[in-house]
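Undergrad: Residue numbers (our numbering): 178 to 330. Virtual Cβ for every residue (Gly too), placed ideally from N, Cα, C. No experiment lies behind these values; they were computed from the predicted model shown.
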Amino acid sequence: MFIAFEENNSTTVKLSDLRWITLDMNSNNYHQATLCDILATLSSIMDLLRKYRVNATLTIQMFSQIFHYINTWLFNRIVCYPTLKLCSYFWGEKSSLRLKSISDWAQRQGLELASDCHLTKVNQICLLLQSPKRDVHDVQQLISNNTFKLNSI
């Protein structure tokens, strides 16, 4: 399964949707995951962990890894694939809204610290893409104040 941030008109998450488990990797019928699919997958994982009473610390660690993967995957797509043209105000805004949905889901599950910690870099990239950059002063302010995870200085 790969993660994509596509819009879906449906705001209802189907917890019974098993597409993500039964995807045939040998066929050429790949389904591009929507935000709704991602939230349904996260909910399914959480339901399974709760059903089998997995220790809360292990659950937090597991979701920390998932959030880290989402952060890394999206960060690399934005930065390393210029052909996708994701370095724009438009995609910064769209990605930010979609990441907010994931953060809202995490907050409802009690995982807000893990999501805040592991999605910070990509959230800062989105902020950087959305911010005005009219002159050198705007860019200096933006880099010094709002991108502490991106800026190694």
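How many angstroms separate the CA atom of residue 313 from the CA atom of residue 264?
TA: Residue 313 and residue 264: Cα-Cα distance of roughly 19 Å.
Undergrad: I'd like the span of the alpha helix (DSSP H) that includes residue 236, first residue to last.
TA: Here the alpha helix (DSSP H) through residue 236 covers 233-257.
Undergrad: Leaving aside the five residues before and after residue 262 along the sequence, list all residues of the same chain whose C-beta is less than 8 Å from its C-beta, in chain order.
TA: Closer than 8 Å at the Cβ level, and outside the excluded window around residue 262, lie 268.
Undergrad: Tell me which residues share the same chain as residue 291 and place their Cβ nearer than 8 Å to its Cβ, disregarding the 5 neighbours each side in the sequence.
TA: So the qualifying residues of the chain are 237, 240, 241, 244 and 283.
Undergrad: Alpha helix (DSSP H) containing residue 306: first to last residue?
TA: That run of the alpha helix (DSSP H) goes 297-307.
Undergrad: Relative to the C-alpha of residue 295, which candidate in 251, 227, 215 and 211 has its C-alpha closest?
TA: When each option's Cα is compared against that of residue 295, the closest is 251.
Undergrad: Would you grab the beta carbon distance between residue 212 and residue 275 for me? Rounded to a whole angstrom, and I think it's under 8 Å.
TA: At roughly 5 Å, the Cβ-Cβ gap stays under 8 Å, so residue 212 and residue 275 are in contact.
Undergrad: Pull up the distance between the alpha-carbon of residue 234 and that of residue 223, whole angstroms please.
TA: Whole-angstrom Cα-Cα distance: 13 Å.
Undergrad: With respect to the alpha helix (DSSP H) encompassing residue 266, which residues constitute its N-terminal and C-terminal limits?
TA: From DSSP, the alpha helix (DSSP H) with residue 266 extends over 266-286.
Undergrad: Tell me whether the beta-carbon of residue 302 lies closer than 9 Å to the beta-carbon of residue 256.
TA: In contact: residue 302 and residue 256 (Cβ atoms closer than 9 Å).
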